[in-house]
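Sequence positions in the sequence shown follow full-length UniProt numbering and run 1 to 667.
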Amino acid sequence: MDSPTPKSHSKPTSCLKTFLIVIAGLCAILIIASITFGLLQLIKSHDITDPETTTMPSVNTETSYSSTTDSGCVQNSYSVYVDLINTSIIHAWLKPKRLGSTAILYANISKTNTNQTTPTPIFYTSENGEPTWFDFAQLELNFDGRVELSWSDEDTNVSYIYVYETENVKLKGIRPAFVSKLAMGPKMEQSFHFRPPLGWINDPNGFSRTDDGLYHLYYQHYPHSKQWNSMYWGHAISTDLVNWIHQPIFLRPNDKECGTDCGLFSGSAVPIHDGLKAFFTDNNNTRINPEIQRTVYTKDTILPFNESEIIISDLPDLKEKGLKLGADFRDPNVFLGPEGYYYMTLGSSDTLGAGGVVLLYRSKEKHSVHSGWMFQNVLKTDNAFGTKVCECSQIFQLGGRRRLSQTLYALLYARTGSKDGDGRANLSPIILGNFDGSNFNPIEEQELDFGAGSFGFQAFYDTIDDEAILIGWLANWPDWDRISDWSTSLTLPWVIRWNNRQLLIGPHPNVLGQLRDIELDGKALLRGNAVVLPNGTAYIRLAIEYYYFYNGIFLQLNHPDYIQLGVKVSKAGLEIVKVKHNDPANRRFLAADARPDIVHIYIDRDSLEVFGEMKNDGMPRWAGTSRLTGLNTFVESVQLSTTDRYSYLLQGCQIWSMKPAKFLGRL
């Protein structure tokens, strides 16, 4: 038998080289695959077509998306990186994605020279409520540095996260870190009207000014989608009524069990020496009396200082007045009135045919909003045009104490359920008169908004500047799309005055003072040429010489969603012309018999405000608003029609671009 062949020393060396080459190749493949996978996940984390949520970075925040856990198990998760200081406060809304699961929010504190830390649960909930309900967490980590907040996409549905510091939130606002796709609205970066940082908005609430000069604007808000739902109170502050700083959400409903049957409806706020007192309607349709009135005190105007308390729970018995009130009983508006008492108006309805009703209450003690409330009188009934409810009612003092010989008040409300002969719904009358603490004696009445484009106006008397200032929701319930809508806006701030002959209504002077930008070619407009609006915004001033020739003057606003859109001045009056496909043929938005010498037109991305002024009045007399539809469409250009005749119909025509308003605390 042959002896075994001796092993060569070169053979093992060759095999080892081959083995090392194979291993190196496999490592390269794994590295490439890992990089590719990471890129795919990074792309996925910023894909706005993701069916559940999308993240948008805000100041001092970063977001990332991962599909594996440390143990190697596949588990989709989101991460939000936020920079905190020791006093930072986190507000977060989340809930389980399905019955039986637990929603958990984790915190990962990044430390120097540490590559990885273990996520720590900082909030969890296994509660399952109504589909629209989210559990709320206020978290204070007492940490200075960068923190990663994360959650499992398999079990946890996060709606909204923001961060703030109490000591600087009035200057810097909130810092949004995460917003769900359902609540993310169009950015409208060129817009100059107020809108919320996310979600839904309607009536302004608690519109007021504190002794430090800050304007406070609370508002009806739903932060979890762009549809009306159980109402919260949002909040923003301003020094000039034009540029706003978004604050933490002020009031949250307890809507876990009743969903849209619950909500914190409209109300008002009264500055007091050590803070602010807010009044609102607590709505719960599962109660015998669904609408009751509550109040809450805030020391810093940012968050309530204590729990709210019930102040009025029962409707008054008005049999002696021939009235029987329905379930509508809402929108408490409180103001300081005659003899040092505080007064409150509430809107209601009469089931016997009187229509809408305005109720009046009075504080039990002078100079006190804490002393309780007593019913005073029925201030107004109104069944004009089929009015069902007087909503958002209020009385406010007009400015001009140094100009007027007596204190005058205005009564304001919305005729909910009404529709006039021109097809305009829910008109808002404003009535000038005398108020003695029990009765309101009218002097003058006019339409507040001839365009019927706004609803839920709220005003207050500014003691610092001796002015009455007003703002409204720049939309109306007939415009509300229950299937698909987006965050609407509020009107520009208006000033209301009485010149001993007429109520005057016009934009606050800060609007043009802050926002008017570059003058465009008004002469081209006068020649009949179209003037392009690159950002879809403009301010136009028409000085009118003659309005009653050649069917008047028509400024055409070219918008792709409308058959016809514009502003017309004629013998009939001042009119907003707005026609879309399938619009009612008889609908018309007209200030009948208005004879303005000057027309001011404010065009924003999704709205139109028009004011008519008599040249000797010094400010406008007629006001009209209109919401414009479309997420990505806007007024592209403006043009005067049949302008060969306008050389003498118009004294002048000027047009300016508008700067966007500044909003801190918005994505």
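A virtual CB, placed ideally from N, CA and C, is assigned to each residue, including glycine.
Where residue i and residue j are concerned, what is the direct C-alpha to C-alpha distance, given to the nearest angstrom?
i           : j      : result
LEU352      : LYS321 : 11 Å
THR537      : ASP300 : 36 Å
residue 677 : THR260 : This structure gives no information on residue 677, because the portion of the chain shown stretches from 1 to 667.
PRO57       : ASN168 : Confidence at PRO57 is low in this model, with a pLDDT of 35, below 50, so the placement of that residue should be treated as unreliable; the coordinate-derived value is given next. If you take the alpha carbons of PRO57 and ASN168, they lie about 21 Å apart.
GLY421      : GLN446 : 16 Å
LEU30       : VAL80  : Confidence is the limiting factor: at LEU30 the pLDDT is only 47, short of 50, which leaves the residue's position unreliable, though a coordinate-based value still follows. C-alpha separation (whole angstroms): 28 Å.
ASN128      : ASP155 : 12 Å
GLU309      : GLN138 : 22 Å
ALA585      : TYR215 : 42 Å
LEU664      : ILE85  : 19 Å
GLU130      : ASN616 : 57 Å
TRP233      : HIS221 : 5 Å
PRO429      : THR416 : 11 Å
Alpha carbons only, please: which of the options is nearest the one belonging to residue i?
i      : options                        : result
ASN205 : LEU94, HIS193, HIS235, GLN227  : HIS235
SER637 : ILE655, ASN285, LEU631, GLN651 : ILE655
GLY267 : LYS256, HIS91, THR281          : THR281
VAL334 : PRO509, ARG362, LEU323, TYR232 : ARG362
GLY185 : LEU198, SER191, PHE192         : LEU198
ILE272 : SER208, THR286, VAL495, ASN441 : SER208
ASP255 : VAL270, ILE245, LEU241, ASN229 : ASN229
PRO507 : ALA475, GLY421, ILE464, ALA623 : ALA623
LEU336 : GLN138, THR463, LEU323, CYS392 : THR463
ASN434 : ALA414, LYS523, GLN397         : GLN397
GLY612 : TYR342, PRO248, PHE450         : PHE450
LEU667 : GLU148, GLU130, PRO196, LEU149 : PRO196
LEU303 : PHE589, THR488, TRP473, GLU165 : GLU165
LEU574 : GLU609, ALA585, HIS581, ASP604 : GLU609
MET619 : PHE385, ILE505, ASN529, SER150 : ILE505
ASP240 : GLY513, ASN535, TRP477, LYS615 : GLY513
GLY275 : ILE201, ASP212, PRO429         : ASP212
GLN293 : GLY347, ASP436, SER152         : GLY347
THR633 : ASP604, CYS653, SER626         : ASP604
ASP436 : SER313, LEU474, PRO338, ASN284 : PRO338
ILE312 : MET344, GLN406, PHE305, THR298 : MET344
ARG541 : LEU525, ILE104, ASN551, ASN529 : LEU525
Within the same chain, show all residues whose beta-carbon is closer than 6 Å to that of residue i, passing over the 5 residues directly before and after it, in chain order.
i      : result
SER159 : TRP93, PHE134, SER180, HIS224
ASN630 : With the sequence shown as reference, residue 630 is identified as Gly, and Asn is not the correct amino acid for it. The answer, listed in chain order, is ASP561.
PRO316 : PHE375
THR557 : According to the sequence shown, residue 557 is Leu rather than Thr. Within the same chain, LEU557 has close Cβ partners LEU565, GLY566, VAL635, VAL638.
ASP606 : LEU628
VAL296 : ALA278, PRO304, SER308
SER101 : ASP155
What span of residues does the beta strand (DSSP E) with residue i cover, start to end?
i      : result
ALA591 : 589–592
LEU542 : 538–544
LEU171 : Looking at the DSSP string, LEU171 is not in any beta strand (DSSP E); the run it does join, the alpha helix (DSSP H), is 169–172.
VAL610 : 607–613
GLY456 : 455–462
VAL369 : Run containing VAL369: none; DSSP gives neither H nor E here.
ASP240 : First-last for ASP240: undefined, no H or E at that position.
ASP604 : 598–604
ALA653 : According to the sequence displayed, residue 653 carries Cys and not Ala. It spans 650–658 - the beta strand (DSSP E) in which CYS653 sits, taken as one unbroken run.
ALA354 : Segment: none, ALA354 is in no beta strand (DSSP E) and carries neither H nor E.
When the cut-off is 9 Å and only beta carbons count, does residue i lie next to chain B?
i      : result
ASN205 : The structure shown contains no chain B, having only a single protein chain.
Ordered along the chain, which non-local residues of its own chain (more than five positions away) have a Cβ less than 8 Å from that of residue i?
i      : result
ARG516 : TYR539, TRP656, MET658, LYS659
ILE544 : ILE553, VAL569, PRO596, ASP597, ILE598, VAL599, LEU649, LEU650, GLN651
VAL378 : LEU318, LYS321, LEU323, VAL357, VAL358, LEU359, LEU360
ALA468 : PHE396, GLN397, LEU398, GLY399, ALA410, ALA459, PHE460, TYR461, ASP462, VAL495, ILE496, ARG497
ASN476 : ALA425, ASN426, ALA452, GLY453, SER454, PHE455, ARG627
PRO442 : LEU411, ILE431, LEU432, GLY433
Return the chain-ordered list of same chain residues with a C-beta closer than 7 Å to the C-beta of residue i, the five sequence neighbours on each side being excluded.
i      : result
ALA183 : SER159, TYR160, LEU198, GLY199, PRO223, HIS224, SER225, LYS226
GLU140 : ILE89
THR286 : CYS258, ASP261
ASP521 : VAL531
Provide the residue span of the alpha helix (DSSP H) that contains residue i, from first to last.
i      : result
LYS277 : Where LYS277 is concerned, there is no enclosing alpha helix (DSSP H), although the beta strand (DSSP E) it sits in stretches over 275–284.
LYS523 : 522–526
GLY513 : 510–515
Could you check if residue i is buried or exposed, using at least 16 other CB atoms within 10 Å of its CB as the buried criterion?
i      : result
PRO96  : buried
ARG501 : exposed
ILE563 : exposed
HIS367 : exposed
SER641 : exposed
GLU391 : buried
ARG98  : exposed
LYS364 : exposed
ILE288 : exposed
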